[in-house]
Amino acid sequence: MFDAKKTIGATLAGIRRKTYQVLDIVVMDDGSTDGSASIVTACAEKDQRILFHLRTRRG
2 MFDAKKTIGA TLAGIRRKTY QVLDIVVMDD GSTDGSASIV TACAEKDQRI
52 LFHLRTRRG
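Each residue of the sequence shown is one higher than the last, beginning at 2 in this note's numbering.
What follows is the structure in structure tokens.
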């Protein structure tokens with residue numbers, strides 16, 4: 002993900018509605034600067050299936 006503040010919340014909400022018990026949602030932040038990381042962090046705190054990783058911008 003890179004600067005996905007406008008869409009990441011709705012995207013994760015849609016995925017979180019799935020009822021699969023065995024599901025890992027991996028989100029890799031590629032150095033976002035728009036605050037989208039805070040949205041993903043909040044979602045990850047509510048749903049243990051979301052795995053969030055930060056890294057520096059690689060393009």
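Using N, Cα and C, we set each Cβ at its ideal position, and we do this for glycine too.
Decide if residue i is buried, meaning its Cβ has at least 16 other Cβ atoms within 10 Å, or exposed.
i: ASP30; result: buried
i: ASP11; result: As written in the sequence, residue 11 is Ala, which differs from the Asp given in the question. When all chains shown are included, ALA11 counts as exposed.
i: SER33; result: buried
Is the Cβ-Cβ distance between residue i and residue j less than 8 Å?
i: VAL23; j: PHE53; result: no
i: LEU55; j: ALA38; result: yes
i: VAL41; j: ILE9; result: yes
i: GLY36; j: LYS7; result: no
Mind checking which residues open and close the beta strand (DSSP E) that includes residue i?
i: ARG56; result: 51 to 56
i: VAL27; result: 26 to 31
So, for residue i: in the same chain, excluding its five sequence neighbours on each side, which residues have a beta-carbon less than 8 Å away from its beta-carbon?
i: GLN49; result: none
What first and last residue would you give for the alpha helix (DSSP H) that runs through residue i?
i: LYS47; result: 37 to 47
Can you name, in chain order, every residue of its own chain whose Cβ lies under 7 Å from the Cβ of residue i, other than the five neighbours on each side?
i: ASP25; result: ARG50, LEU52
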